[in-house]
Structure formats: C-alpha cells, structure tokens
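Residue numbers (the numbering used here): 81 to 229. First up is the structure itself, then whatever we jot down about it.
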C-alpha cells in the first residue's frame, strides 16, 4: 500500500519539474516556422535577476504524501493517525519550501536602445552573455521577445 503512494508522490514531483524555458535559444513546436519581427539595437544595460517559475503545488502534495506515510510508520495504534497528520503537515511545509527554492533560476534583464530610439527591457534566462554597447537583435512574435546576437 505504501509503495504506490510513494511512487505517485515522486511522479507528481517530477511532473512539477516540467517548465517552459525562458531561453532565447529554445523554441517550442508552435514557435517553429513562424515569422518574427526583427529589430536591431544596442545593449544599454544588463542586470542579473531571479526568474521565479511559480509554485505548482506539487511540492506541498508530494511532501504531504511522503510525510503522511512516514508519520503513519512511526505511530502505532491510535497514535498512527496523529503522527500521520503531523507528518503530512510537516511534509507539506517542507515540500513547499523545497519547490519554492527549486523553482528559482538566474536570469538577465537586458535593456536595449532600438535603432529608432525606443528603449525595451527583456528578461530571459542567463544562458547567453550580453555587454553594454553590444549590437543585438530583438526577435518578437507578438507575445515573446528574445534578445540574441
């Protein structure tokens, strides 16, 4: 009985790891072979930021499930219910904290002065190096804008 619960909790945790990337180098299937507008500009500034992917609730659920199972294994008789509840609450809190820490990743806020004089700031993954004064391209499909070399 305990093994299926643990397996479901672990699968739920792994499902929470699937996220939409914010990289200028990653396109999803719907973005492939779609036209994008290209604007040229010069990097004005680059600032390190943290991208918070948000909480899905998976950490709380997985933590509560694992904590509840662990708590029931510790308690005996009528005490098993109380330790299961305490384990589920503690596990849920720990799972929420773990998910919150795991969902943050480094990003860059890149401020670009376009050739027409307009300024734009784009936040994306910190997987490419940009320097002030560097010429860049802004690729936009109307919803997402990427800064690339």
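Ideal Cβ placement from N, Cα and C applies to all residues, glycine included. All figures in this text were calculated on a predicted structure; none of them were measured in a lab.
- Proximity of the stretch 161-176 to the stretch 201-210 falls short of the contact definition, fewer than three beta-carbon pairs being nearer than 8 Å.
- Between residue 188 and residue 127, the C-beta spacing is below 9 Å.
- In this structure residue 209 is exposed. Its beta-carbon is surrounded by fewer than 16 other beta-carbon atoms within 10 angstroms.
- Per DSSP, residue 187 is one residue of the beta strand (DSSP E) stretching across 184-194.
- For residue 138, the uninterrupted alpha helix (DSSP H) run begins and ends at 138-154, by DSSP.
- Out of 107, 163, 102 and 194, the CA that lies nearest to the CA of residue 146 is found in 163.
- For the set 114, 173, 106 and 152, the Cα lying nearest the Cα of residue 138 is the one of 173.
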